[in-house]
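Below you'll find the structure, written out as structure tokens, and then a few comments.
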Amino acid sequence: MEENVKLEKIKKSCNTGEKVTNVIFVIAVVCSIICLIMITLIANKTDEFEAWVQKGIDAGYITTENSIGSVSTINISILDPNTIHSDSQAIRNVLETKPYSVIFIMYCLFGCFIFIVLAVMIKLIGSVFRIIREEDNPFTDKAIRRIVTVMIAASIVMFFSPGTVYGVMGLIITWVVYTIMDYGKTLQIQADETL
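Last residue of the sequence shown: 916 (this note's numbering), numbering continuous.
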């Protein structure tokens with residue numbers, strides 16, 4: 722009887738986890754769409770955007786220095802276009818005529834990429850909650866495979882982020898979790914066989 726109560730709590734926890742990951746997934750997708758819209762707007766109105774950024778620089782709201790603005794103004798730190806060099810004449814021409822548009826489009830592309838990766842990872846994590854809830858047991862082959870897949874994918878993402886050490890640690894943690902899950906599966910099979 723007590724085990725049934727514990728199982729129901731685990732199912733509720735998995736249900737809540739799946740709902741939370743779905744909300745974060747939607748937020749990540751919306752943010753990536755906003756980044757794509759910003760890219761489109763900047764690309765279609767580069768002259769107006771360049772003038773707007775220059776006006777912000779002249780007013781002191783936008784700076785290319787790594788500094789902290791005063792409390793009364795917003796200080797946006799951007800990359801200085803004069804520090805970018807290229808051997809390609811086409812790239813040099815674009816950087817000379819529309820430097821801020823190029824930089825902000827690059828920022829938005831990078832942001833879009835990050836939000837897409839986040840959305841995929843969150844969806845994978847949510848699928849682990851769903852599988853555990855549907856299988857009634859986290860020690861099934863399907864659940865173990867999904868958990869290991871999610872952890873390897875997360876480790877790869879962390880490896881290619883600025884924290885390579887975290888990626889290596891993630892792979893080691895994946896190995897530990899896999900061993901624990903495999904051990905639990907073996908115990909579950911033994912318990913089923915004794916019944």
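Positions of the beta carbon are idealized from the N, C-alpha and C atoms, including for glycine. Just so it is clear, the structure is predicted and the values come from calculations on it, not from any experiment.
Taking 8 Å as the cut-off, is the beta-carbon of residue i closer than that to any non-hydrogen atom of the ligand MN?
{"i": "residue 844", "result": "Inclusion of the ligand MN in the displayed structure is not the case, the ligand content being empty and no account of it being possible."}
Nearest CA to the CA of residue i: which residue from the options?
{"i": "residue 735", "options": "844, 852, 869", "result": "852"}
{"i": "residue 922", "options": "862, 865, 837, 774", "result": "Any question about residue 922 goes unanswered here, given that the chain covers just 722 to 916."}
{"i": "residue 731", "options": "856, 751, 747", "result": "856"}
{"i": "residue 815", "options": "768, 778, 777", "result": "768"}
Does the distance from the CB of residue i to the CB of residue j come in under 9 Å?
{"i": "residue 822", "j": "residue 771", "result": "yes"}
{"i": "residue 745", "j": "residue 826", "result": "no"}
{"i": "residue 739", "j": "residue 867", "result": "no"}
{"i": "residue 860", "j": "residue 909", "result": "yes"}
{"i": "residue 895", "j": "residue 872", "result": "yes"}
{"i": "residue 836", "j": "residue 749", "result": "yes"}
{"i": "residue 847", "j": "residue 743", "result": "yes"}
With residue i and residue j assumed to form a contact (beta carbons below 8 Å), what rounded beta-carbon distance in angstroms separates them?
{"i": "residue 874", "j": "residue 845", "result": "6 Å"}
{"i": "residue 878", "j": "residue 842", "result": "6 Å"}
{"i": "residue 828", "j": "residue 869", "result": "Contact flag wrong, Cβ pair sits at about 35 Å."}
Any 3 or more C-beta pairs closer than 8 Å across the stretch 830-837 and the stretch 751-760: Result yes; three or more Cβ-Cβ pairs closer than 8 Å.
Those runs of the alpha helix (DSSP H) which lie wholly inside the stretch 838-889 and span at least 4 residues: Within the stretch 838-889, the complete alpha helix (DSSP H) runs of at least 4 residues are 862-881.
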